[in-house]
Structure formats: structure tokens, C-alpha cells
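In UniProt numbering, the protein residues as written are 1 to 203. Worksheet for the structure shown next.
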Amino acid sequence: MSKASETGAPLPEAGASAQRPGAATRPRSPRGSGKSRTVRKGLSAAAILGFSAALVTLVLDQATKLYTLFVFDLPVKEPVEFAPFINLIVVWNRGISYGLFQQNSEFGRWALIVVSILAAIGLSVWIRRTSAKLLATSLGLIVGGAIGNVIDRLAYGAVFDFIQFHIGSWSWYVFNVADAAIVAGVVGLLYDSFVLEGRRAKK
1 MSKASETGAP LPEAGASAQR PGAATRPRSP RGSGKSRTVR KGLSAAAILG FSAALVTLVL
61 DQATKLYTLF VFDLPVKEPV EFAPFINLIV VWNRGISYGL FQQNSEFGRW ALIVVSILAA
121 IGLSVWIRRT SAKLLATSLG LIVGGAIGNV IDRLAYGAVF DFIQFHIGSW SWYVFNVADA
181 AIVAGVVGLL YDSFVLEGRR AKK
């Protein structure tokens with residue numbers, strides 16, 4: 001019989017490991033746990049639609065402008081009847097979309113550039129945060145159009161407009177793909193705000 005049994009001290013259970021007196025027991029971490037990993041959420045479906053709309057708008061806008069200016073050579077061939085109600089002409093716009101708020105000074109030109117860039121950044125943040133697909137797509141159209149016109153201002157000093165819509169002798173504004181996308185985006189924003197937003201609130 002061992003000394004421990006003689007003194008009445010309890011014997012350790014079979015299979016139990018000896019532990020030094022005073023040693024603290026450390027809690028064992030769950031299997032597979034290590035350093036905390038930061039889970040990064042990807043873009044939502046709405047954000048993907050929004051940024052895709054912006055990219056497609058930008059590419060189409062710049063492609064049509066470059067082709068019309070340097071390949072088709074519209075400045076030499078204008079005016080060109082493209083369709084019964086559409087002519088192609090050359091107009092250098094120093095204002096915002098559709099010729100509004102013309103700026104003839106360098107300060108006005110750079111002011112429009114800065115405002116357009118800030119607006120594009122703000123709308124891009126909105127795209128990133130929204131989960132509404134139509135809203136994100138509408139914002140993307142505006143962002144792509146704004147960036148397309150900013151590129152024109154930086155490259156040429158003015159925006160290249162070349163699509164003239166007319167009915168007989170009555171002529172509407174001369175515009176480009178970026179302008180059309182911006183208008184479509186604004187219409188989508190209005191529809192989302194006054195129609196779809198109310199439906200989402202009821203859910």
C-alpha cells in the first residue's frame with residue numbers, strides 16, 4: 001500500500017495527468033480557431049448592377065465620341081442625317097448636360113469638373129450602400145455619364161455633343177450618350193423615390 005493510501009489522501013484517477021501545484025489551468029481554444037479573421041462582404045447584387053451600368057455608360061459614351069470625331073470625321077461631314085428625326089452635328093458644350101449653364105471661363109470649366117467628380121464619388125458611395133436594384137442602376141447611369149463628360153472637359157476643354165433630335169424645323173437640345181444616360185438615371189431615381197420606395201416601406 002502506498003503512502004498516500006496510508007495517510008488517507010485521495011489517489012489520482014487513472015489516466016489523469018499530473019499537474020504542478022499552483023499551475024493555472026488555461027482554457028483550451030476551440031478546434032480550428034486562431035487569430036480572428038475579418039470577414040469582408042462582397043458587393044451586393046444591386047451594387048454590381050450599379051457599377052456595371054456606370055462602366056457600360058462610360059465605355060459607350062467615349063467610344064461613340066471617339067469614333068464620331070476621329071474615325072467618321074463628323075467635323076468635316078456635318079450635318080449628317082442619321083434618321084428622319086435625328087441629325088449628327090458638332091457642338092462643343094461648355095455648360096452642363098443639354099447646354100445648360102454655359103461656362104466660358106477656365107474657372108467655370110474647372111468648377112464643373114470638380115463638382116462632377118464630387119457628385120460621382122458621392123453617388124458611387126450610395127450605390128455601394130443601397131440594396132435596391134433600380135436605384136443602383138439609375139445612380140450608375142448618372143455616374144457613368146458624369147465621368148464621360150468630365151473626360152471631355154479635361155481632354156478638349158468642353159463636352160462633345162453630336163446628336164440633334166428635331167421635328168421639322170423645331171430642334172431639341174444637342175446631346176450625347178452621357179447626357180441621355182444621365183436623364184434616364186434621373187427618371188429612374190424619380191420612379192424609385194415616388195413609387196418603389198413606398199412599396200419597400202410597406203414590406
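All C-beta atoms in this analysis are idealised placements derived from N, C-alpha and C, irrespective of residue type, glycine included. Just so we're clear, the structure is a prediction, and the values are computed from it rather than from any experiment.
Where residue i falls: helix, strand or coil (DSSP)
i: Ala46; result: helix
i: Glu78; result: coil
i: Asp161; result: strand
i: Asp171; result: For clarity, residue 171 is Ser in the given sequence; the question names Asp instead. In the structure shown, Ser171 sits in a strand (DSSP, three-state: E or B).
i: Val195; result: helix
i: Gly188; result: helix
i: Lys202; result: helix
i: Ser105; result: coil
i: Asp73; result: coil
Residue i versus the options, residue with shortest Cα-Cα distance
i: Arg199; options: Gly157, Ala132, Ser169, Val159; result: Ala132
i: His166; options: Val71, Pro79, Ile86; result: Ile86
i: Ala181; options: Val159, Ile127, Leu139; result: Leu139
i: Gly95; options: Ile113, Val56, Glu81, Pro84; result: Ile113
i: Gly108; options: Gly185, Phe175, Ser171, Leu154; result: Leu154
i: Thr68; options: Val91, Thr57, Leu49, Pro84; result: Val91
i: Gly42; options: Arg128, Lys202, Glu81; result: Arg128
i: Leu123; options: Gly185, Glu197, Lys203; result: Gly185
i: Asp152; options: Phe51, Leu58, Leu118; result: Leu58
i: Asn176; options: Pro84, Lys65, Phe51, Ser193; result: Lys65
i: Pro84; options: Ser169, Ile48, Asp61; result: Ser169
i: Asp179; options: Phe51, Ile48, Gln62, Val76; result: Gln62
i: Glu106; options: Tyr156, Phe72, Val76; result: Tyr156
Other residues of its chain near residue i: CB distance less than 7 Å, five sequence neighbours each side excluded
i: Ala120; result: Val143, Ala146, Ile147
i: Asn93; result: Gly99, Ala158, Val159, Asp161
i: Ala53; result: Thr137, Gly140, Leu141, Gly144
i: Trp126; result: Leu139
i: Phe89; result: Residue identity check: residue 89 is Ile in the sequence provided, not Phe. Counting only Cβ-Cβ distances below 7 Å, and skipping sequence neighbours, we find Glu78, Pro79, Phe162, Gln164, Val174.
i: Ser171; result: Gln164
i: Ser44; result: Ser131
i: Phe82; result: Leu88
i: Gly50; result: Ile127, Ala136, Thr137, Leu139, Gly140
i: Leu55; result: Gly144
Sequence-distant residues of its chain with Cβ nearer than 6 Å to residue i (five each side left out)
i: Thr130; result: Ala46, Ala136
i: Ser116; result: Ala146, Val150
Close-in-space but distant-in-sequence residues of the same chain around residue i (CB under 8 Å, 5 per side omitted)
i: Ala23; result: Summary for Ala23: the model assigns pLDDT 49, below 50, so the residue's position carries little reliability, and this model does not support an answer.
i: Val187; result: Ser138
i: Leu196; result: Ala132, Leu134, Leu135
Opposing strand residues paired with residue i [DSSP bridges]
i: Ala83; result: Ile86
i: Val91; result: Asp161
Tell me the start and end of each unbroken beta strand (DSSP E) in the segment 107-168 that is at least 3 residues and wholly inside, in chain order. 159-167
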